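Q: Before I ask anything, let me first share the structure, which is written out below as structure tokens.
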Amino acid sequence: MRGVIVLLLGLAAALAQARDISGCTPGIESALRALNPKQPITGALVSAQCKGWPPGRGKVLAAVMAFEQAPRPDRRWVGVLALVNTQRLQLLNSHRFEIAEESGIGVDDNSLRLDTAPYDLAPGLRALGLRYASSAPGPSAADAGFGDELTLFVPEGHTLRPVFGMSMLRTRAVEGCLGKCPHAAWDTASFTIAIGPPGPMGWNDLHVTATVVRNSAAATAQADATPQRQRLVYRYTGNAYRQEASPFDWDDYCCRAGGPAAR
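Numbering (mature numbering (1 follows the signal peptide of the UniProt record, and there is no 0)), first residue to last: -18 to -1, 1 to 245.
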């Protein structure tokens, strides 16, 4: 009996520590679960993070949580992204999404993270970023890969509307497959975002820099690992950001958290 009590106390301490790390409280979890009071969200809390919004103000928190809904083989997660009034534990704006498990797609405690960088898209309009990183290993011999999905949301009414989405890390095979085949060669592209000047719709353009590096399974004289950079411009078109004409033609399969792919 004593061993059972010790085990339960250990589990309770672990859960409390996890909530301290995430920045969330049981009250915020209850508020997100009750997004639709007629159909409250059930299931185990798998991933969570809460941050002040905007950072340092203290009255509003940005929160994201994912709840597991079904075991394998139909495993899926319901996620909620929200801005929460911390005094009344009231949801001010929210966005609900679902992620279904498949090859290369999964959710664990590190999969969903808030990005509170100053994405100032228009005067008085700041976007909230949500990053998704899959916990699944993916295919062993793929010819392309995508990771670190970023979706930007803006408050609209009682919702959070997705206006931009892209995978911030991508790989594609040049020869063979991604690192698992003899003599394989592949390119890795990482992306950074800067806020540009206003476009025709009054919203600021997004200036994206792609840094591409060639990798190979075996070092050869032909493998040039010098980083190559390309500049991309994304412009708001009235409902979402779209890429302006560019020779950069990498595929993208963003976004699992319900955002629009920035085509």
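All C-beta atoms in this analysis are idealised placements derived from N, C-alpha and C, irrespective of residue type, glycine included. A quick note: this is a predicted structure, and the numbers were derived from the prediction, not measured.
Thinking just about the alpha-carbon of each residue, which of Ser93, Met150, Val195 and Cys163 is nearest to the one in Asp233?
A: It is Met150.
Q: Looking at the C-beta of Glu50, does it have a partner C-beta in chain D at a distance below 8 Å?
A: Note that chain D does not occur in the displayed structure, where there is just one protein chain.
Q: Would you mind reading off the limits of the beta strand (DSSP E) that contains Pro137?
A: Taken as a continuous stretch (DSSP letters only), the beta strand (DSSP E) holding Pro137 covers Ala126 to Glu138.
Q: With burial defined as no fewer than 16 other Cβ atoms inside 10 Å of the residue's Cβ, what is the status of Asp187: buried or exposed?
A: Flag for Asp187 reads buried.
Q: With contact counted as at least three CB pairs below 8 Å, one residue from each stretch, are the region 131 to 146 and the region 64 to 82 in contact?
A: Cβ pair count under 8 Å is three or more, so yes.
Q: Quick one: complete beta strand (DSSP E) runs, 3+ long, within the region 199 to 237?
A: Those beta strand (DSSP E) runs which fall completely within the region 199 to 237 and span 3+ residues are 210 to 218 and 223 to 225.
Q: Going by beta-carbon coordinates alone, are Ser29 and Met47 separated by less than 8 Å?
A: Cβ atoms of Ser29 and Met47: closer than 8 Å.
Q: CA-CA distance, Arg152 and Pro229?
A: The alpha-carbon atoms of Arg152 and Pro229 are separated by roughly 16 Å.
Q: Identify which residue in Tyr101, Gly147 and Gly129 has its Cα closest to the Cα of Ala176.
A: Cα-wise, what sits closest to Ala176 is Tyr101.
Q: Does the Cβ-Cβ distance between Glu50 and Ala26 come in under 8 Å?
A: Closer than 8 Å, so yes.
Q: Since Pro209 and Thr193 are thought to touch, with beta carbons under 8 Å apart, how far apart are those beta carbons, to the nearest angstrom?
A: That belief holds up - the Cβ atoms of Pro209 and Thr193 are roughly 5 Å apart, short of 8 Å.
Q: Rounded to whole angstroms, what's the CA-CA distance from Tyr235 to Gly40? Just pull it up for me.
A: Their Cα atoms are separated by approximately 35 Å.
Q: Which class does Ala(-5) belong to by DSSP, given the choice of helix, strand or coil?
A: Note that Ala(-5) scores a pLDDT of 41, beneath 50, so its modelled location is shaky; the value from the coordinates is reported in the next line. Note: Ala(-5) maps to helix in three-state DSSP.
Q: Please report the distance separating the alpha-carbon of Leu107 from that of Val136.
A: Taking the straight line from one Cα to the other gives about 7 Å.
Q: Exposed or buried, which one is Ala52 when buried takes at least 16 other CB atoms within 10 Å?
A: Exposed.
Q: Per the DSSP calculation, Ile87 is bridged to which residue(s)?
A: According to DSSP, Ile87 bridges with Glu84.
Q: What does a CB cutoff of less than 6 Å around Leu110 pick up in its chain, not counting 5 residues either side in sequence?
A: Cβ within range, chain order: Ala44 and Phe135.
Q: Let me know the secondary structure DSSP gives Pro53 once reduced to three states.
A: DSSP places Pro53 in coil when its eight states are reduced to three.
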